[in-house]
Amino acid sequence: MPVLARTGNEAMAEAMRQINPDVVAAYPISPATEVVMIFSKFVADGLVDTEFVAVESEHSAMSACVGAASAGCRVMTGTSSQGLQLMSEILPIASALRQPIVLCEVNRALSGPINIHCDHSDTMAVRDFGWLQIFSENAQEAYDSVLQMIKIVEDVKVRLPGMVTTDGFIISHCMEKIETLEDAEVKTYLGEHKKMNSTLDLTKPITLGSLDLQDYYFEHRMPMAQAMIEAKEVILKVGQEFGAKYGRPYGLLEKYKLDDAEVAIVAMGSTCGTARVVIDELREKGIKAGMLKLRVFRPFPAAEVAEVLAGVKSIAVLDRSDSLSSQGGPLYTEVRSALYDAKTKPVLSNYIYGLGGREINLEDLRQIFSEQKSNQSGKIVYFGVRE
Amino acid sequence: MKKNMGWKELPHGDSSPAGTANEFKTGDWRSERPVWNKEKCINCYFCWVYCPDASILLDKDNKVAGIDYDHCKGCGICRAECPVKPEKAIVMKQERS
Ligand code: SF4
Ligand code: SF4
Numbered sequence: 020m021p022v023l024a025r026t027g028n029e030a031m032a033e034a035m036r037q038i039n040p041d042v043v044a045a046y047p048i049s050p051a052t053e054v055v056m057i058f059s060k061f062v063a064d065g066l067v068d069t070e071f072v073a074v075e076s077e078h079s080a081m082s083a084c085v086g087a088a089s090a091g092c093r094v095m096t097g098t099s100s101q102g103l104q105l106m107s108e109i110l111p112i113a114s115a116l117r118q119p120i121v122l123c124e125v126n127r128a129l130s131g132p133i134n135i136h137c138d139h140s141d142t143m144a145v146r147d148f149g150w151l152q153i154f155s156e157n158a159q160e161a162y163d164s165v166l167q168m169i170k171i172v173e174d175v176k177v178r179l180p181g182m183v184t185t186d187g188f189i190i191s192h193c194m195e196k197i198e199t200l201e202d203a204e205v206k207t208y209l210g211e212h213k214k215m216n217s218t219l220d221l222t223k224p225i226t227l228g229s230l231d232l233q234d235y236y237f238e239h240r241m242p243m244a245q246a247m248i249e250a251k252e253v254i255l256k257v258g259q260e261f262g263a264k265y266g267r268p269y270g271l272l273e274k275y276k277l278d279d280a281e282v283a284i285v286a287m288g289s290t291c292g293t294a295r296v297v298i299d300e301l302r303e304k305g306i307k308a309g310m311l312k313l314r315v316f317r318p319f320p321a322a323e324v325a326e327v328l329a330g331v332k333s334i335a336v337l338d339r340s341d342s343l344s345s346q347g348g349p350l351y352t353e354v355r356s357a358l359y360d361a362k363t364k365p366v367l368s369n370y371i372y373g374l375g376g377r378e379i380n381l382e383d384l385r386q387i388f389s390e391q392k393s394n395q396s397g398k399i400v401y402f403g404v405r406e
Numbered sequence: 009m010k011k012n013m014g015w016k017e018l019p020h021g022d023s024s025p026a027g028t029a030n031e032f033k034t035g036d037w038r039s040e041r042p043v044w045n046k047e048k049c050i051n052c053y054f055c056w057v058y059c060p061d062a063s064i065l066l067d068k069d070n071k072v073a074g075i076d077y078d079h080c081k082g083c084g085i086c087r088a089e090c091p092v093k094p095e096k097a098i099v100m101k102q103e104r105s
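Sequence lines, in order, name chains A and B.
Residues 20 to 406, numbered by the numbering used here, are exactly what the first sequence covers, in order.
Residues 9 to 105, numbered by the numbering used here, are exactly what the second sequence covers, in order.
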């Protein structure tokens, strides 16, 4: 396997080069610009066969993706923050049309105030649009998950679009060592893109996305809900097969020293890497600390989360975004809901942290772990904000 | 009464058969109706090309033959595009309220 030094953006672009999608329609935005910029260079250099559509906005980018996917193409794009929001009129249409589009999303704070750094508020804002969402801890995971996402979304049971996310600048712009697959391996791994019967075909004309009122709208939403339920098994199967073939297995979530843990955090993305160091330190001091790293946020693996967390005494859920709902961040409310039927309920608190790229370092995580001893369940902390 | 299909019976991905708009009579939204004048018409097809609702009717010899009032929305594009001078071959008339 080739070993390369790559930033998160370069890793995603490399995966896209190897996937060689039929169509990429994209518009640049920090910190995701490089993903499609590097890819457009691959197009210019003739390294891929892709039709690259340089559109005038993200709204057009996603619209072009929907059009190309309707024609039966394998389609990819990339964006971030306001770009994802500008796509958001079209995102739920892509999922309703059951189009397996894959989006490389680089997590960045939403305006306002305007900010280009990492938090998860952009991805969380579109969490209920019928897109699968996979978070990455580092560039390696981003590369592997982009390849897997193609497999997952094209599975006949799923056929929903999916986004793989990295954390803006922290992953997107930091260089790491990654192992990649050979080009030929990727080709065999992915296989041919299979068209479904909802594809435009001159010989069998159909109507896509017609007006759908009280009598049928509900029935058209139901298959999306069912596909999201079934996606969980497919993500697991694809992640395990990837592990068996290439040595890096993936699941819906990852337990880090969680089995016997008394205090734990739940986190997503790059923060998990920092947390591992702190957990190792605490373990050396005899404190039973652990972590649940959530990889897949949509579909939300509620049963699996409940199963692995039910025995832990005290848990802090770390949200790198705030849903401004007055009852905690989006990850926290999901985890809390997942634990509703658990026999033994942990003390569950919420730490909203790192908004707009505010650093979360070892000392911060040590503090969060140390506060677990005295936390009341339901406590919501806006961690590190100045009064 | 016709029973509506359940979600498991629906075709994949929000698709439906082509041409179903034909069965859906939407012409009653119109506030103005285009009126075509056979005598003035030079059969240039401009109205037929530009009509966004495929509401310009052709006869069996593919000659312009009138307006499909079941589907025409009264947008007036056909009238605007009609090149006949000084009076156009399509004029817009107020619908009765
Ligand atoms: S008024 Fe509009 S919809 Fe009606 S026939 Fe003319 S162009 Fe078509
Ligand atoms: S645009 Fe005018 S002249 Fe041309 S076909 Fe239509 S009605 Fe006739």
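Ideal Cβ positions, reconstructed from N, Cα and C, are used throughout, including at glycine.
Nearest Cα to L337 (chain A) within the set A:F154, A:N369, A:G97, A:E273: A:N369. Shown here, M31 (chain A) sits in a helix according to DSSP, grouped into three states.
Sixteen is the threshold: since fewer than 16 other Cβ atoms of the shown chains lie within 10 Å of the Cβ of N45 (chain B), the residue is exposed. The shortest C-alpha to C-alpha distance from V354 (chain A) to any of A:A329, A:L374, A:Y372, A:E378 is the one to A:A329. For the segment 43–74 of chain B, the set of positions with a beta-carbon nearer than 9 angstroms to some beta-carbon of chain A is empty. Residue pairing from DSSP leaves Q395 (chain A) without any beta-bridge partner. Sixteen is the threshold: when 16 or more other Cβ atoms of the shown chains lie within 10 Å of the Cβ of L116 (chain A), as they do, the residue is buried. When only Cα atoms are considered, A45 (chain A) and V55 (chain A) end up about 7 angstroms apart. Straight across, the Cα-Cα distance linking G102 (chain A) with H78 (chain A) is about 8 angstroms.
No residue range can be given for M287 (chain A), since it is assigned to no beta strand (DSSP E) and is classified by DSSP as neither H nor E. In the three-state DSSP reduction, E353 (chain A) falls in the helix class (H, G or I). Interface with chain A (8 angstroms Cβ-Cβ cutoff): S24 (chain B) is included.
DSSP places Q233 (chain A) in the coil class of the three-state scheme, outside both helix and strand.
Between N39 (chain A) and I57 (chain A) a beta carbon distance of about 14 angstroms is seen, past the 8 angstroms cut, so the two are scored as non-contacting. An exposed status is given to M13 (chain B), since fewer than 16 other beta-carbon atoms sit within 10 Å of its beta-carbon. Counting only Cβ-Cβ distances below 9 angstroms, G35 (chain B) has no contacts in chain A at all, with the closest Cβ about 16 angstroms away. C123 (chain A) and D174 (chain A) have their C-alpha atoms spaced approximately 19 angstroms apart. Excluding five sequence positions before and after E323 (chain A), the CB atoms of its chain that fall closer than 7 angstroms to its own CB belong to L271, L272, given in chain order. Between the alpha carbons of C92 (chain A) and V72 (chain A) lies a gap of roughly 13 angstroms. In the three-state reduction of the DSSP assignment, T199 (chain A) falls in the coil class, being assigned neither a helical nor a strand state.
If you check the CB distance, L227 (chain A) and D36 (chain B) do not come in under 8 angstroms. Taking every protein chain shown into account, the CB of A357 (chain A) has 16 or more other CB atoms within 10 angstroms, so this residue is buried. Between V165 (chain A) and V121 (chain A), the CB-CB gap stays under 8 angstroms. M81 (chain A) sits away from T69 (chain A), with the two beta carbons spaced by 8 angstroms or more.
The set of residues with CB atoms less than 6 angstroms from any heavy atom of ligand 1 reads, in chain order, B:P42, B:C59, B:D61, B:S63, B:I64, B:I75, B:C80, B:K81, B:G82, B:C83, B:G84, B:I85, B:C86. Here the distance from the Cβ of N70 (chain B) to the nearest heavy atom of ligand 2 is not below 7 angstroms. Look at Y359 (chain A) here: in three-state DSSP terms it is coil, with no helix or strand label.
Using beta-carbon distances, G149 (chain A) does not count as an interface residue toward chain B, since no partner is under 8 angstroms. Beta-carbon to beta-carbon, I190 (chain A) and A158 (chain A) are separated by about 6 angstroms, close enough to satisfy the 8 angstroms threshold. Not a single CB atom of chain A sits nearer than 8 angstroms to the CB of P91 (chain B). Taking 8 angstroms as the threshold, the shortest C-beta distance from G84 (chain B) to chain A does not fall below it. Beyond the five residues adjoining it in sequence on each side, P50 (chain A) comes within less than 7 angstroms, by CB distance, of S99, V125, R127, I135, G187, F188, S191, H192 in the same chain, given in chain order. When the Cα atoms are used, L66 (chain B) and K223 (chain A) turn out to be separated by approximately 24 angstroms.
Closer than 7 angstroms to some heavy atom of ligand 2: that does not describe the Cβ of Y77 (chain B). Between ligand 2 and the CB of N51 (chain B), the shortest heavy atom gap is smaller than 7 angstroms.
Using a Cβ distance threshold of 8 angstroms, R295 (chain A) and Y265 (chain A) do not count as a contacting pair.
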